[in-house]
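Asker: Quick mapping for you: the protein sequence lines, in order, are chains A and B.
Going by the numbering used here, the first sequence wraps up at 475, each residue one higher than the last.
Going by the numbering used here, the second sequence wraps up at 819, each residue one higher than the last.
Handing you this structure, nothing more for now.
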Amino acid sequence: MNIWPLRFRELADGRVFLADDAGTFFLSDRSFVDRYGEDRLTTRDRDFLLANGHAFETESEPAYNSFAWRWSARQAKGGRLRYVILVPTLRCNLACTYCQVSRAPETARGFDWTPEALAQVLGYLEALSGSEIKIEFQGGEPLLRLDLLNAVRDFCRARFARSEFVVCTNLQSIGPAELDFLSASDTYVSTSVDGVLSDHDRHRTQNPALAKQFFENLGAVRRVAAGRISALPTIDLDQPPDLDALIRTYEDLGQNSIFLRPVNYQGFARRRHPAARDVGRWNQFHENFVRKIIERNYQTGGNLGEYYLTLCLKRMLAPGHDGHVDLRNPGLLGDDYLVIDQDGVLYPTDEARMVSRIGLADLSIGTVAHGVDHQRLAALNGAAFNHLDPDCVHCPYQPFCGVDPVDDISRYGRLDLPKHLTWFCGRHLALFDLAARLLFSRDEMVQHSLRQWLDLPEIPIGLAPVHYDPTAPTR
Amino acid sequence: MRLLSAPAPSPTMHDVVLVGTEDGKLSYAADGRRLDVASDDAPSLDGNIVLLSPARGTLQRLIRPNSAHNTLLVTERCDQLCVMCSQPPNTAEWNLFEFYLQAVRLAPRDAVIGISGGEPTLLLDDLLNFLSILGEERPDLRFHVLTNAQHLTATDVGRLRALHLDRIEWGVPVYASAGGVHDRIVGKSGAFERLQRSLSFLARAGARIEIRTVVTTMNYQSLPALASYLAVNVPFAETWALMQLENIGYGRLNWNSLFIDTGEDFGPLGRAIAIAAGRGLVPRLYNFPLCTLPKAYRKFSVASISDWKQKYLPTCSQCSLQSTCGGFFQWYPEDRGFGGVKPE
Numbered sequence: 001m002n003i004w005p006l007r008f009r010e011l012a013d014g015r016v017f018l019a020d021d022a023g024t025f026f027l028s029d030r031s032f033v034d035r036y037g038e039d040r041l042t043t044r045d046r047d048f049l050l051a052n053g054h055a056f057e058t059e060s061e062p063a064y065n066s067f068a069w070r071w072s073a074r075q076a077k078g079g080r081l082r083y084v085i086l087v088p089t090l091r092c093n094l095a096c097t098y099c100q101v102s103r104a105p106e107t108a109r110g111f112d113w114t115p116e117a118l119a120q121v122l123g124y125l126e127a128l129s130g131s132e133i134k135i136e137f138q139g140g141e142p143l144l145r146l147d148l149l150n151a152v153r154d155f156c157r158a159r160f161a162r163s164e165f166v167v168c169t170n171l172q173s174i175g176p177a178e179l180d181f182l183s184a185s186d187t188y189v190s191t192s193v194d195g196v197l198s199d200h201d202r203h204r205t206q207n208p209a210l211a212k213q214f215f216e217n218l219g220a221v222r223r224v225a226a227g228r229i230s231a232l233p234t235i236d237l238d239q240p241p242d243l244d245a246l247i248r249t250y251e252d253l254g255q256n257s258i259f260l261r262p263v264n265y266q267g268f269a270r271r272r273h274p275a276a277r278d279v280g281r282w283n284q285f286h287e288n289f290v291r292k293i294i295e296r297n298y299q300t301g302g303n304l305g306e307y308y309l310t311l312c313l314k315r316m317l318a319p320g321h322d323g324h325v326d327l328r329n330p331g332l333l334g335d336d337y338l339v340i341d342q343d344g345v346l347y348p349t350d351e352a353r354m355v356s357r358i359g360l361a362d363l364s365i366g367t368v369a370h371g372v373d374h375q376r377l378a379a380l381n382g383a384a385f386n387h388l389d390p391d392c393v394h395c396p397y398q399p400f401c402g403v404d405p406v407d408d409i410s411r412y413g414r415l416d417l418p419k420h421l422t423w424f425c426g427r428h429l430a431l432f433d434l435a436a437r438l439l440f441s442r443d444e445m446v447q448h449s450l451r452q453w454l455d456l457p458e459i460p461i462g463l464a465p466v467h468y469d470p471t472a473p474t475r
Numbered sequence: 476m477r478l479l480s481a482p483a484p485s486p487t488m489h490d491v492v493l494v495g496t497e498d499g500k501l502s503y504a505a506d507g508r509r510l511d512v513a514s515d516d517a518p519s520l521d522g523n524i525v526l527l528s529p530a531r532g533t534l535q536r537l538i539r540p541n542s543a544h545n546t547l548l549v550t551e552r553c554d555q556l557c558v559m560c561s562q563p564p565n566t567a568e569w570n571l572f573e574f575y576l577q578a579v580r581l582a583p584r585d586a587v588i589g590i591s592g593g594e595p596t597l598l599l600d601d602l603l604n605f606l607s608i609l610g611e612e613r614p615d616l617r618f619h620v621l622t623n624a625q626h627l628t629a630t631d632v633g634r635l636r637a638l639h640l641d642r643i644e645w646g647v648p649v650y651a652s653a654g655g656v657h658d659r660i661v662g663k664s665g666a667f668e669r670l671q672r673s674l675s676f677l678a679r680a681g682a683r684i685e686i687r688t689v690v691t692t693m694n695y696q697s698l699p700a701l702a703s704y705l706a707v708n709v710p711f712a713e714t715w716a717l718m719q720l721e722n723i724g725y726g727r728l729n730w731n732s733l734f735i736d737t738g739e740d741f742g743p744l745g746r747a748i749a750i751a752a753g754r755g756l757v758p759r760l761y762n763f764p765l766c767t768l769p770k771a772y773r774k775f776s777v778a779s780i781s782d783w784k785q786k787y788l789p790t791c792s793q794c795s796l797q798s799t800c801g802g803f804f805q806w807y808p809e810d811r812g813f814g815g816v817k818p819e
């Protein structure tokens, strides 16, 4: 019998999580790892490994093929460019303390698309192949240039069979024209809600009257774009929001999922929020939040989830959850989505735009006029997968995890820092540790939330396999 | 031959058109040929594609234009003898592929054609030829081939790949992950081992696979193990159909020993569905009346019973779910079936 290599990691309570390269996993104990390492597997061990897809007899047999299929299915497939982030203006009517983007004051000049820039962007979109497009409007505050948004949307609706638009907006200045624009069924709103009014005011509006205005505007937009609004809070660990109030705010918004976003280290936020470097504190905060919603869901029968943790759970259990571009493997850059900055420069991600704007490293990958510079892109993509990383190859979470070269460059100015020293790795190890402990938990409170998050009627034993051989001889 | 009540806008050489009706007899004609059918229901025959055997004086309906359930029985022979077989096999050797090819060419646009038996792959060469020709000629059609997957070999992978596999679904029964149990259910020793190899060949060809599992007393407790097995070993399957027993053929003969009242004991089935859905398979429930399913599981149910073999019980008329419920087979034995059927 041939056993595919198993990676393992001890969870906090002495149990061991094991997985193969295809991401098929199980829970066992140290004595199994010893038997595996010392080639003393018992018949029960071997039977389990065969049954759970970790072994095969010959390369021509079904067990070998199904392993190959499972491995392949774990790989994110890129594809045609169909998601483009546009920045029609860098001007903004707020100055959030953790702003991660390059911004200019609302009254500044020279920070909007010129008519020529608009024409160039439309020409770029025109030349794309395919019949679908998703456009995300970023800024600055894109609604300051509703005319440009309308021009792009009108163009895309005519050019593509299916088009979808996301406006990333602070909802600070909303009039009849903006409401009308956001009321279209192909147009979605993405905004930030940091908590109750005082939380939202602390870093964003910095003026209670403006915060009040924001919540009024949010209400107005909810009336015309119900079901098409997603909001997320940005968390400052030095002044975290009251969690219960945060949860109630999102419940009132009708969202059953909150994406807790740490203050981003890219862009300008790093100067004012040193806590953004401390991954341990973030992990603790995140886990506390998850524990809180698990308790609350059990009490209320509710279904509130933390978006990113749910994504991690789904990625552990099954392949194919590659829709979130920040967590997939390979996470090819400049492939199925990219950013066109206000000045027409192309970036693989919004974060890459920030890193470049603050002069840390030039991560541009071309211009809208001349297209993608494939040589530059290839240099970045050499680091856009985790299969061969000397740390990741030992990690049982590697098949579910991803990689973020832009974050590594942003934080450390280099790509070759050992992965286990990076913020990305520290955050994801903690996330997957938590996800694993939850998946194997038989606690009814945990299972209630898992059922909601995974949309399953029950969490049976066998969903996450467990193997022990209590009869195995010990040394 | 296509029976028409009036000439078609796009006539074919196989059309015959209604020219006369009299007591219990419909007369069709075309190009000097004449066909009398003992029926007085011309509307129900309009557009039917039929196979005529003049020597035997029989007319066999192959394709109904407005049905979603057109299935061609390509052989009655089978190398398995499943304990619940709804269509028990016999040994008669006949092969009508030549005529079926003509018939399907006449099928209405976007039809789904089922291929069943017996075991269709006993006539593998003819089957692949049939699918190959129609795949080229009729890109609008889709096929569902029901096979026990006992007769595919490594050399068939290339032949399968040459087909338009995106339009063909292969329905393959797997009853248990323990080979012995599966083999006992299908009445053939070594069947499970052979089945695994064939599934592997289908996967390597890129075929779309539906795993089908009839739920009986023989495999009920091991359904969760089967779910885990499929997640690990047949992850390439598009769907997993879990089916209640049909009280016909051997299913009727063995009903009392095979039927599980899943309304009474849903445990193993529920666990199997949750394991499968959680690990990336797409489970579906066939032939389960909605009122016998726990509410959280109803979303997996498909109203699956073909129109011509479906019925509802008298009590169903008071049920608000009837329009989305598949109901019961015509031959469902109420006195020996589900204990908990009740309107909601």
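For glycine and all other residues, C-beta sits at the position ideal for the given N, C-alpha and C.
It should be emphasised that the depicted structure is a prediction, and the values quoted were computed from it without experimental measurement.
In whole angstroms, give me the CA-to-CA distance for residue 49 of chain A and residue 727 of chain B.
Answerer: For the purposes of this step, residue 49 of chain A is identified with residue 49 of the first sequence, where counting begins at 1. For the purposes of this step, residue 727 of chain B is identified with residue 252 of the second sequence, where counting begins at 1. Roughly 40 angstroms separates the two Cα atoms.
Asker: Between the stretch 418-450 of chain A and chain B, which residues of the former have CB atoms less than 8 angstroms from a CB of the latter, in chain order?
Answerer: Answer set for the stretch 418-450 of chain A: empty.
Asker: DSSP state of residue 797 of chain B, grouped into three classes?
Answerer: Here the question's residue 797 of chain B lines up with position 322 in the second sequence. Reduced to three states, the DSSP call for residue 797 of chain B is helix.
Asker: Please state whether the Cβ-Cβ distance between residue 53 of chain A and residue 67 of chain A is less than 9 angstroms.
Answerer: Position 53 of the first sequence, counted from the start, is the residue given in the question as residue 53 of chain A. Position 67 of the first sequence, counted from the start, is the residue given in the question as residue 67 of chain A. Yes, the pair counts as a contact, with Cβ atoms nearer than the cut-off.
Asker: Would you say the stretch 295-312 of chain A touches the stretch 328-345 of chain A, given that touching needs at least three Cβ pairs under 8 angstroms?
Answerer: The answer is no - the stretch 328-345 of chain A does not touch the stretch 295-312 of chain A, with fewer than three Cβ pairs under 8 angstroms.
Asker: Tell me the rounded alpha-carbon separation between residue 11 of chain A and residue 411 of chain A.
Answerer: The residue given as residue 11 of chain A occupies position 11 in the first sequence. The residue given as residue 411 of chain A occupies position 411 in the first sequence. Using only the alpha carbons, I get a separation of about 28 angstroms.
Asker: On the DSSP bridge assignment, give the partners of residue 758 of chain B in chain order.
Answerer: Here residue 758 of chain B refers to the residue found at position 283 of the second sequence. Paired residues: B:715.
Asker: Using CA coordinates, which residue listed in A:175, A:400, A:91 and A:251 is at the minimum distance from residue 217 of chain A?
Answerer: Reading the first sequence from its first residue, position 217 is the one you call residue 217 of chain A. Taking only the C-alpha atoms, the option nearest residue 217 of chain A is A:175.
Asker: Is it the case that the stretch 463-473 of chain A contacts the stretch 768-781 of chain B, given that we only count it when at least three CB pairs across the two stretches are under 8 angstroms?
Answerer: No, the stretch 768-781 of chain B is not in contact with the stretch 463-473 of chain A.
Asker: Please look up how many angstroms separate the CB atoms of residue 228 of chain A and residue 193 of chain A, rounded, as I've assumed it's under 8 angstroms.
Answerer: As a position in the first sequence, residue 228 of chain A is number 228, starting the count at 1. As a position in the first sequence, residue 193 of chain A is number 193, starting the count at 1. Going by Cβ atoms, the distance from residue 228 of chain A to residue 193 of chain A rounds to 15 angstroms, so no, they are not a contact pair.
Asker: Find the residues of chain B that neighbour residue 484 of chain A, judging by a C-beta separation of less than 9 angstroms, and give them in chain order.
Answerer: The structure shown does not extend to residue 484 of chain A, since chain A is modelled only from 1 through 475, so no value can be given for it.
Asker: Residues of chain A with CB under 9 angstroms from residue 683 of chain B, in chain order?
Answerer: On the second sequence, residue 683 of chain B is found 208 positions in, with the first residue counted as 1. Near residue 683 of chain B there are no residues of chain A at all, since even the closest Cβ is about 14 angstroms away, more than 9 angstroms.
Asker: Determine the burial state of residue 388 of chain A: buried for a count of at least 16 other Cβ atoms within 10 Å of its Cβ, exposed for fewer.
Answerer: The residue you call residue 388 of chain A lines up with position 388 of the first sequence. So residue 388 of chain A counts as exposed.
Asker: With distances taken from CA atoms, which of B:668, B:704, B:676 and B:650 is nearest residue 720 of chain B?
Answerer: Taking the first residue of the second sequence as 1, we reach residue 720 of chain B at position 245. Cα-wise, what sits closest to residue 720 of chain B is B:650.
Asker: Between the Cα of residue 618 of chain B and those of B:625, B:624 and B:610, spot the shortest distance and give me the residue it belongs to.
Answerer: Position 143 of the second sequence, counted from the first residue, corresponds to residue 618 of chain B. Ranking the options by Cα distance to residue 618 of chain B, first place goes to B:610.
Asker: By the 9 angstroms beta-carbon criterion, what residues does the stretch 39-53 of chain A contribute toward chain B?
Answerer: Cβ contacts with chain B: 51, 52 and 53.
Asker: Using a Cβ-Cβ cutoff of less than 7 angstroms, which residues in the same chain neighbour residue 108 of chain A once the five nearest sequence positions on both sides are dropped?
Answerer: On the first sequence, residue 108 of chain A is found 108 positions in, with the first residue counted as 1. Only 91 meet the Cβ criterion.
Asker: Just curious, the beta strand (DSSP E) that residue 190 of chain A is in, first and last residue?
Answerer: Within the first sequence, numbered from 1, the residue matching residue 190 of chain A stands at position 190. Taken as a continuous stretch (DSSP letters only), the beta strand (DSSP E) holding residue 190 of chain A covers 187-192.
Asker: For residue 748 of chain B, which residues from the same chain have a beta carbon less than 8 angstroms from its beta carbon, with the 5 sequence-adjacent residues on both sides left out?
Answerer: To locate residue 748 of chain B, count along the second sequence from 1; it is residue 273. Excluding residues within five positions, the ones whose Cβ falls inside 8 angstroms are 702, 717, 758, 760, 772 and 775.
Asker: What in chain A is Cβ-close to residue 598 of chain B, meaning under 7 angstroms?
Answerer: On the second sequence, position 123 is the one that residue 598 of chain B refers to. Within 7 angstroms Cβ-Cβ: nothing; residue 598 of chain B doesn't reach chain A, min ~25 angstroms.
Asker: Since residue 320 of chain A meets chain B, which of its residues come closer than 8 angstroms, beta carbon to beta carbon?
Answerer: For this step, residue 320 of chain A is matched to residue 320 along the first sequence. 755, listed in chain order.
Asker: Do residue 339 of chain A and residue 350 of chain A have their CB atoms nearer than 9 angstroms?
Answerer: Within the first sequence, residue 339 of chain A is the residue found at index 339, counting from 1. Within the first sequence, residue 350 of chain A is the residue found at index 350, counting from 1. For residue 339 of chain A and residue 350 of chain A, yes; Cβs fall inside 9 angstroms.
Asker: State the Cα-Cα distance for the pair residue 95 of chain A and residue 795 of chain B, rounded to the nearest angstrom.
Answerer: What you label residue 95 of chain A is simply residue 95 of the first sequence in a count that begins at 1. What you label residue 795 of chain B is simply residue 320 of the second sequence in a count that begins at 1. Using only the alpha carbons, I get a separation of about 56 angstroms.
Asker: What span of residues does the beta strand (DSSP E) with residue 176 of chain A cover, start to end?
Answerer: If you number the first sequence from 1, residue 176 of chain A lands on position 176. No beta strand (DSSP E) contains residue 176 of chain A, which is instead part of the alpha helix (DSSP H) from 176-182.
Asker: Within the same chain, show all residues whose beta-carbon is closer than 7 angstroms to that of residue 443 of chain B, passing over the 5 residues directly before and after it, in chain order.
Answerer: Any answer about residue 443 of chain B is impossible in this case: the structure gives chain B only from 476 up to 819.
Asker: Looking at chain A, which residues of the stretch 788-799 of chain B have a Cβ within less than 8 angstroms of any of its Cβ atoms?
Answerer: Those would be none; no residue qualifies.
Asker: Suppose you measure from the CA of residue 370 of chain A to the CA of residue 128 of chain A; what does that come to, to the nearest Å?
Answerer: The residue labelled residue 370 of chain A in the question sits at position 370 within the first sequence. The residue labelled residue 128 of chain A in the question sits at position 128 within the first sequence. Rounded to the nearest angstrom, the two C-alpha atoms are 14 angstroms apart.
Asker: Give the residues from the stretch 62-85 of chain A that approach chain B closer than 8 angstroms (Cβ to any Cβ), ordered along the chain.
Answerer: The stretch 62-85 of chain A vs chain B, Cβ under 8 angstroms: 62, 63, 65, 66, 69, 70 and 73.
Asker: Mind checking whether residue 647 of chain B and residue 584 of chain B have CB atoms under 9 angstroms apart?
Answerer: Your numbering for residue 647 of chain B matches position 172 in the second sequence. Your numbering for residue 584 of chain B matches position 109 in the second sequence. For residue 647 of chain B and residue 584 of chain B, no; Cβs fall outside 9 angstroms.
Asker: Step through the CB atoms of chain A and report whether any lies within less than 9 angstroms of the CB of residue 431 of chain B.
Answerer: Residue 431 of chain B lies beyond the range of chain B shown here (476 to 819); nothing can be said about it.
Asker: Do residue 160 of chain A and residue 476 of chain A come within 9 angstroms of each other at the CB atom, strictly closer than that value?
Answerer: No statement about residue 476 of chain A is possible, as the shown extent of chain A runs from 1 to 475 and does not include it.
Asker: Which residues in chain B sit within 8 angstroms of residue 465 of chain A, going by Cβ to Cβ distance?
Answerer: Residue mapping note: residue 465 of chain A aligns to position 465 of the first sequence, counting from 1. The contacting residues are 703.
Asker: Evaluate residue 460 of chain A with the Cβ neighbour count: other Cβ atoms within 10 Å of its Cβ, from every protein chain shown; 16 or more gives buried, anything less gives exposed.
Answerer: Residue mapping note: residue 460 of chain A aligns to position 460 of the first sequence, counting from 1. With 16 or more Cβ atoms within 10 Å of its Cβ, residue 460 of chain A is classed as buried.
Asker: For chain B, is any of its Cβ atoms less than 9 angstroms away from the one on residue 462 of chain A?
Answerer: What you label residue 462 of chain A is simply residue 462 of the first sequence in a count that begins at 1. Yes, residue 462 of chain A lies at the interface with chain B (some Cβ there is under 9 angstroms from its Cβ).
Asker: What residues are listed by DSSP as bridge partners for residue 870 of chain B?
Answerer: Residue 870 of chain B falls outside the range modelled here, since chain B spans only 476 to 819, and no answer is possible.
Asker: Beta-carbon separation of residue 318 of chain A and residue 753 of chain B under 9 angstroms?
Answerer: Locating residue 318 of chain A in the first sequence gives position 318, where the first residue counts as 1. Locating residue 753 of chain B in the second sequence gives position 278, where the first residue counts as 1. The answer is yes: Cβ separation under 9 angstroms.
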